[in-house]
Amino acid sequence: MSGGVFDVVVVGGGAAGLMCALRAGQRGRRVLVLDHAEKVGKKILISGGGRCNFTNLEARPEAYLSANPHFCKSALARYTQHDFIALVDRHRIAWHEKTLGQLFCDGSARQIVAMLLAECAAAGVDVRTGHRITAIEKSDRFSVHADRGDFQSSAVVLATGGLSIPKMGATGFAHDVARRFGLAVTETRPALVPLTLGTAPELSGVSLDVVARCGRASFREAMLFTHRGLSGPAILQVSSYWREGREIAIDLLPG
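Mapping the sequence shown onto the working numbering, position 83 (from 1) lands on 1450, and the numbers just tick up by one.
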């Protein structure tokens, strides 16, 4: 059994958790990252087809969906995509731009995971895997109880990710913890997903450039007909704006 006292305990060893941890460590905080999996960064490894689309040159606050738009403005003002690109360059990770400002590793997404872990190590961050959290309590300090030990901290960061890809261990744990502490939790719904429609097998595999619109949101990218409906970047993007009863319009011949 392990344990200890820290300034910050970060629950979740994904991109957000590791980035939060290394920045806190760089500011002199004693930081612990706990993850239930045996390895951190599992979703990073599958992102971008295994090459990790690690940032976008056109990242800007208005491109983010948030109940508090000012949060995105503040976050991107403090740490920009160019700051992250500089970090990638310092680690000599080769990258290239694809379309619409999307940046990918020339090699493997494993390079990004290794970079984040190296930065955590340099900042003195303690990263522990295989620790499943059983409870989080608060009195004078936070008590984080795991199946392999109990930890005390002044602050806790929930960075477990959402409900997507349950096969990789995604759960609603963080939502449950947030509710127990009286935090407002936005109702969850699918986002960045394909659209399931009536089948058109004769079109399956056909890809074309389209403009997909839902309300004021508009995306000009590729769309792919599948055996179940529609997919591709344009559809995945516009799906985040769709609500039941709303219309999605697709221009198959954009000017």
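Don't be surprised by glycine CBs; every beta carbon is placed ideally from N, CA and C. Predicted model only: the values in this text are computed from it and were never measured.
Helix, strand or coil at residue i [DSSP, three-state]
i     : result
C1419 : coil
F1548 : coil
E1504 : strand
D1618 : strand
E1588 : strand
E1336 : One cannot answer for residue 1336 here, as it falls past the ends of the chain, which runs 1368 to 1622.
G1370 : strand
A1444 : helix
H1437 : helix
E1569 : helix
E1554 : coil
S1414 : helix
E1464 : strand
D1576 : strand
D1473 : coil
S1606 : helix
D1402 : coil
V1494 : strand
L1454 : helix
Alpha-carbon spacing of residue i relative to residue j, whole angstroms
i     : j     : result
T1447 : F1518 : 33 Å
R1580 : K1410 : 28 Å
F1471 : A1461 : 9 Å
G1582 : L1620 : 19 Å
H1403 : G1622 : 49 Å
Q1478 : H1458 : 9 Å
M1482 : R1613 : 42 Å
V1494 : G1408 : 12 Å
R1556 : H1449 : 31 Å
E1350 : R1445 : Outside the shown range of the chain, which is 1368 to 1622, sits residue 1350, and nothing can be said about it.
L1385 : V1398 : 10 Å
A1426 : G1379 : 24 Å
D1374 : S1520 : 5 Å
L1550 : V1544 : 9 Å
M1590 : S1441 : 33 Å
Q1585 : P1600 : For the record, residue 1585 in the displayed sequence is Ser; it is not Gln. Spanning the two alpha carbons is a distance of roughly 12 Å.
G1468 : D1456 : 17 Å
I1532 : V1480 : 19 Å
L1321 : T1466 : Any property of residue 1321 remains undetermined from this structure, which presents the chain solely from 1368 to 1622.
Residue-level contact to chain C via CB, residue i, 8 Å cutoff
i     : result
R1515 : Considering every chain present, this structure includes no chain C. It has just one protein chain.
Cut-off 6 Å between Cβ atoms - residues of its own chain near residue i, not counting five sequence neighbours on either side
i     : result
C1439 : P1428, Y1431, S1433
V1524 : V1377, C1387
H1542 : V1552
F1451 : T1422
E1464 : L1470
I1617 : V1577, A1579
Beta-carbon contacts of residue i that lie in its chain and below 8 Å, excluding the five residues immediately before and after
i     : result
L1538 : For clarity, residue 1538 is Thr in the given sequence; the question names Leu instead. Excluding residues within five positions, the ones whose Cβ falls inside 8 Å are T1527, L1530.
R1546 : V1552
V1560 : L1603, S1606
F1509 : V1376, I1503, Q1519, S1520, S1521, A1522, V1523
P1436 : P1428, E1429
Beta-carbon contacts of residue i that lie in its chain and below 7 Å, excluding the five residues immediately before and after
i     : result
S1414 : N1420, A1476
W1609 : C1581, I1615
E1405 : T1496, G1497
R1499 : H1403, A1513, D1514
G1370 : G1516, D1517, F1518
L1562 : G1596, L1597, I1602, S1606
A1383 : A1526
L1412 : A1476, R1477, V1480
A1558 : S1606, S1607
Note to self: Between the stretch 1569 to 1582 and the stretch 1590 to 1605, can you find at least three pairs of beta-carbon atoms closer than 8 Å?
What the structure shows: yes
Next item on the list: Decide if the stretch 1387 to 1400 is in contact with the stretch 1475 to 1494; the criterion is three or more beta carbon pairs, one per stretch, under 8 Å apart.
Entry: yes
Checklist line | Runs of alpha helix (DSSP H) lying entirely within the stretch 1502 to 1541, each at least 4 residues, in chain order | finding: none
Note to self: Quick check on the DSSP output: what are the complete alpha helix (DSSP H) runs of length 4 or more inside the stretch 1371 to 1400, in order along the chain?
What the structure shows: Restricting attention to alpha helix (DSSP H) runs no shorter than 4 residues, the stretch 1371 to 1400 encloses them at 1382 to 1393, ordered along the chain.
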